[in-house]
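This report refers to the structure that appears directly beneath it.
There are 2 protein chains.
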Amino acid sequence: MARRYSAQKEIIGEALARLDHPTAAEVYEEVRRNLPQISLGTVYRNLSLMAEEGELLRLSFPEAPDRFDPNVYEHYHASCVCCGRIFDTDGTVGSGLVGEIDRAVEACTGVRVESRVMIFSGVCAACQSATPPGK
Amino acid sequence: MARRYSAQKEIIGEALARLDHPTAAEVYEEVRRNLPQISLGTVYRNLSLMAEEGELLRLSFPEAPDRFDPNVYEHYHASCVCCGRIFDTDGTVGSGLVGEIDRAVEACTGVRVESRVMIFSGVCAACQSATPPGK
DNA sequence: TTAAATAATAGTAATCATTACTATTATTAA
DNA sequence: TTAATAATAGTAATGATTACTATTATTTAA
């Protein structure tokens, strides 16, 4: 087995798996518990490298810091406006519907769609039951 | 007719109509031609106020400054990866398809979708003909 | 194995978009 | 016509992210 060059990179990857769609700052806080001398720059650099190499996804939300996701299959995200949690979609959204939207966009803009960013916002199941609609 | 309080705000609105999905900095440059002493802060403040009042849309793109759009009807955007231009969709995208996606997202995440950001990227018609597929 | 070459690090400075602040000027109202 | 209010220009501050730099760790090859 080849020697790993950087322990930091591996520990960052492990922290990412433990956290839920964290920001770089959240990864930094988590990694610091094992590696107190790590710098935020190292976290950013490794996260960016891993994103380039396809080992993780960098998610961009409006008016908010980027988040990182170790699930690299094609999926989308829905965030809860009450609790802030971020939920992953599964393959059912991508199958068919996204292609249909792409074609509709192409029909009216002329742009041959190659990729897309889709972010959904609303109220998650837990917050829905915490705040009943009658209230 | 009531006096307008701020000439700046009106001139910003006019610049917006003249430009194509501009950033705040681009609005600033345009407005400066008529109002050389205007400050970037005034442009930002008025654009933000107008967005709050529903007079325009603030568009957020990943890794890029926000852009502003005087078209306030519900529509989406496709940007060309070659020339950078941004194209508006018309009502055909929103009708039906978006509701279907919302329902699919709700089915697999539990989030009752209230709003969404969708940004499409690809090659526009002009750039497609400029760079024929055979090449 | 060890010395030169290479890669990664910690720490800090810089950047960029945006907002906040402040003293001043313009507008409105009494 | 003056006091109260709103908006401005200019500048400073903020927050996320990247860039830089001197140092340390790893690899390579003699």
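Quick mapping for you: the protein sequence lines, in order, are chains A and B.
By my numbering, the letter at position 135 of the first sequence is numbered 135, and the numbering carries on one by one without gaps.
Counting from 1 along the second sequence, just add 1000 to a position and that's the residue number in my numbering.
Glycine included, every Cβ here is placed at the ideal spot set by N, Cα and C.
In this text the structure is predicted, and so the values were computed from the model without any measurement.
For residue 1069(B), the enclosing beta strand (DSSP E) has its first and last residue at 1067-1069. Pairing residue 1112(B) with residue 71(A), the inter-Cα distance amounts to about 23 Å. Counting only unbroken stretches of 4 or more residues, the alpha helix (DSSP H) elements lying wholly within the stretch 26-53 of chain A are 40-52, in sequence order. Within the stretch 1073-1085 of chain B, contact with chain A at the beta-carbon level (separation under 8 Å) is assigned to 1076, 1078, 1079, 1080 and 1081. DSSP places residue 1108(B) within a helical segment (H, G or I) once states are collapsed to three. Following the DSSP letters along the chain, one finds residue 58(A) inside the beta strand (DSSP E) bounded by residues 57-59. Taking residue 1063(B) as the centre and dropping the five residues before and after it, the same chain places no C-beta closer than 7 Å to its C-beta. For the set 1121(B), 1050(B) and 1015(B), the Cα lying nearest the Cα of residue 1033(B) is the one of 1015(B).
Under the DSSP assignment, residue 1078(B) falls in the beta strand (DSSP E) whose first and last residues are 1077-1080. Between residue 105(A) and residue 1089(B), the gap from beta carbon to beta carbon is short of 8 Å. Shortest Cα-Cα distance from residue 56(A) to any of 73(A), 18(A), 130(A) and 81(A) involves 73(A). Rounded to whole angstroms, the separation of the alpha carbons of residue 1039(B) and residue 9(A) is 44 Å. Neighbours of residue 1121(B) in chain A, taken as residues whose beta carbon is under 9 Å from its own, are 111, 113, 114, 115, 116 and 117 in chain order. Residue-level contact by beta carbon holds for residue 1060(B) and chain A, with a gap shorter than 8 Å. Burial is judged here by how many other beta carbons sit within 10 angstroms of a residue's own beta carbon; residue 1017(B) has fewer than 16 and is exposed.
Apart from sequence neighbours up to five positions away, the residues of its chain that approach residue 26(A) with a beta-carbon distance below 8 Å are 19, ordered along the chain. In the three-state scheme derived from DSSP, where H, G and I count as helix and E and B as strand, residue 23(A) is classed as strand. Around the beta-carbon of residue 1078(B), 16 or more other beta-carbon atoms lie within 10 Å, marking it buried. Separation of residue 1036(B) and residue 1100(B) (C-alpha to C-alpha, rounded to the nearest whole angstrom) is 49 Å. Exposed is the label assigned to residue 65(A), since fewer than 16 other Cβ atoms lie within 10 Å of its Cβ. Pairing residue 1051(B) with residue 1058(B), the inter-Cα distance amounts to about 6 Å.
Within the same chain, 1072 come within 8 Å of residue 1054(B) by CB-CB distance, once the 5 residues on both sides are set aside. In this structure residue 21(A) touches residue 86(A) by the C-beta definition: roughly 4 Å separates them, less than 8 Å. Counting along the chain, residue 18(A) sits inside the alpha helix (DSSP H) bounded by residues 7-18.
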